[in-house]
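*Asks:*
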């Protein structure tokens, strides 16, 4: 009985650490993709730029928009956003060429930087999220 | 005898040191003058004089973010930094603007320092679009001019600043351009070109601006 419990415990930890490894891997890949696709406007530290480009430090916003983030990255956004109690209305261009895998890397990086704590954002989540985008327009 | 000999030697060494120090003080760092040049011979007071003629930025006239005409005369008594950008640029421009903000911050209120950003998106970036961009960037006052002009005028002057800019539907945002920040002196000569996306080079630009300003006030350091 005790043996079984130990096996169970070990497998839980193993899973966790595997997730951790995956998260670290996604994070690292995401960092370089972030630099080439997002950092120009949003800044190396996610600080944004004046009232032109919003910061990525509004943890409540990032957490609340988790489902729509894949759509925003891929297709951009053309609506007013309130972030850190400031209104931003500069249109964001989409990065249509990014694959779901790459978006997962980017969102794992953003989601675990600048104060955000989303944990691993995996490719499945992105694929599902992208199905909900209203980009047929 | 021996003592006086030592004294003489000491005196000589001290004098040499002082002369060297004096020489160093007068040796002021100068920036190079970039671009094309040719020798021109002209007559001054009946004498034939040959002098170097440097490439300069020709006369121009654009409309700024306040819909006011801005010409080269606006920059007559100042050194300035020029760049080429567009407001909807998704690639290098945000970093260039961010770095130019640093330059503005350092020289805020200094009437001898100006910034001139030319929009290469001559169709979309009308004065009010430029104004909105400046506002959002947090730029107020008239030290940093954002200008709009005809396609021919803007692309023509880009050549004079030795910056490549071209409309290209394959480039991000629709325009291909270089991110140089060009330092121009009070005589409209190009004195430096810096990668506006590179923090170290932007720091070099600001250091060079100090050197260039000092050229106009050679004695200021000794005051």
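Protein chains in written order, with this note's numbering: chain A, 1 to 137; chain B, 1001 to 1223.
Heads up, the beta-carbon is just placed ideally off N, CA and C, and yes, glycines get one too.
Kindly indicate which residue of 1111(B), 1122(B) and 1105(B) has the alpha-carbon position closest to the one of residue 1089(B).
*Replies:* 1122(B)
*Asks:* Any idea if residue 1078(B) is buried or exposed, counting beta-carbon neighbours within 10 angstroms, 16 or more meaning buried?
*Replies:* By the 10 Å Cβ count, residue 1078(B) comes out buried.
*Asks:* Under a Cβ-count criterion, where at least 16 other Cβ atoms within 10 Å of its own Cβ denotes burial, should residue 1044(B) be classed as buried or exposed?
*Replies:* exposed
*Asks:* Report the residues of the stretch 36-59 of chain A with a CB closer than 7 Å to any CB of chain B, ordered along the chain.
*Replies:* 40, 41, 49, 50, 51, 52 and 53
*Asks:* Which stretch, first to last residue, makes up the beta strand (DSSP E) that contains residue 1188(B)?
*Replies:* Segment: none, residue 1188(B) is in no beta strand (DSSP E) and carries neither H nor E.
*Asks:* Under three-state DSSP, which class holds residue 78(A)?
*Replies:* Three-state DSSP puts residue 78(A) in coil, outside helix and strand.
*Asks:* Report the CB separation of residue 1120(B) from residue 1086(B) in whole angstroms; it is logged as a contact under 8 Å.
*Replies:* 5 Å
*Asks:* Taking just the CA atoms, how far does residue 1069(B) sit from residue 1144(B)?
*Replies:* 14 Å
*Asks:* Taking one C-beta from the stretch 1041-1056 of chain B and one from the stretch 1130-1140 of chain B each time, how about it: are there three or more such pairs within less than 8 Å?
*Replies:* no
*Asks:* Give a yes or no on whether 8 Å exceeds the smallest Cβ distance from residue 1123(B) to chain A.
*Replies:* no
*Asks:* What are the residues of the stretch 1129-1153 of chain B that lie near chain A, defined by any Cβ-Cβ distance shorter than 8 Å?
*Replies:* 1133, 1135, 1136, 1137 and 1138
*Asks:* Looking at the strands, I want to know which residues DSSP matches up with residue 70(A).
*Replies:* DSSP lists no partner for residue 70(A).
*Asks:* Using the three-state DSSP reduction, which class does residue 1145(B) fall into: helix, strand or coil?
*Replies:* In the structure shown, residue 1145(B) adopts extended strand secondary structure according to DSSP, grouped into three states.
*Asks:* Per DSSP, residue 1180(B) forms a beta bridge with which residues?
*Replies:* 1195(B)
*Asks:* Between the Cα of residue 89(A) and those of 71(A), 124(A), 53(A) and 49(A), spot the shortest distance and give me the residue it belongs to.
*Replies:* 53(A)
*Asks:* Output the residue ranges of the alpha helix (DSSP H) runs that lie fully inside the stretch 74-125 of chain A and measure 4 residues or longer, sorted by chain position.
*Replies:* Within the stretch 74-125 of chain A, the complete alpha helix (DSSP H) runs of at least 4 residues are 100-110.
*Asks:* Closer than 8 Å by beta-carbon distance: list the chain A residues that pair up with residue 1091(B), in chain order.
*Replies:* Here the neighbours are 40.
*Asks:* Tell me the residue span of the alpha helix (DSSP H) that contains residue 1095(B).
*Replies:* 1093-1107
*Asks:* Which residues, in chain order, does the stretch 86-101 of chain A contribute to contact with chain B at a C-beta distance below 8 Å?
*Replies:* 90, 91 and 93
*Asks:* Between the beta-carbon of residue 1212(B) and the beta-carbon of residue 1194(B), is there less than 8 Å?
*Replies:* For residue 1212(B) and residue 1194(B), no; Cβs fall outside 8 Å.
*Asks:* Going by C-alpha to C-alpha distance, which of 1157(B), 1109(B) and 1207(B) sits closest to residue 1188(B)?
*Replies:* 1157(B)
*Asks:* By Cβ distance, which residues of its chain are closer than 7 Å to residue 1031(B), with the 5 residues on each side in sequence left out?
*Replies:* 1191, 1192, 1208, 1211 and 1212
*Asks:* Keeping to the same chain, check which residues put their C-beta closer than 6 Å to that of residue 78(A); ignore five residues upstream and five downstream.
*Replies:* 91
*Asks:* Output needed for residue 1167(B): all residues of its chain with C-beta closer than 6 Å, excluding positions within five of it in sequence on either side, in chain order.
*Replies:* 1175
*Asks:* Looking at the secondary structure, which residues open and close the beta strand (DSSP E) in which residue 1037(B) lies?
*Replies:* 1037-1044
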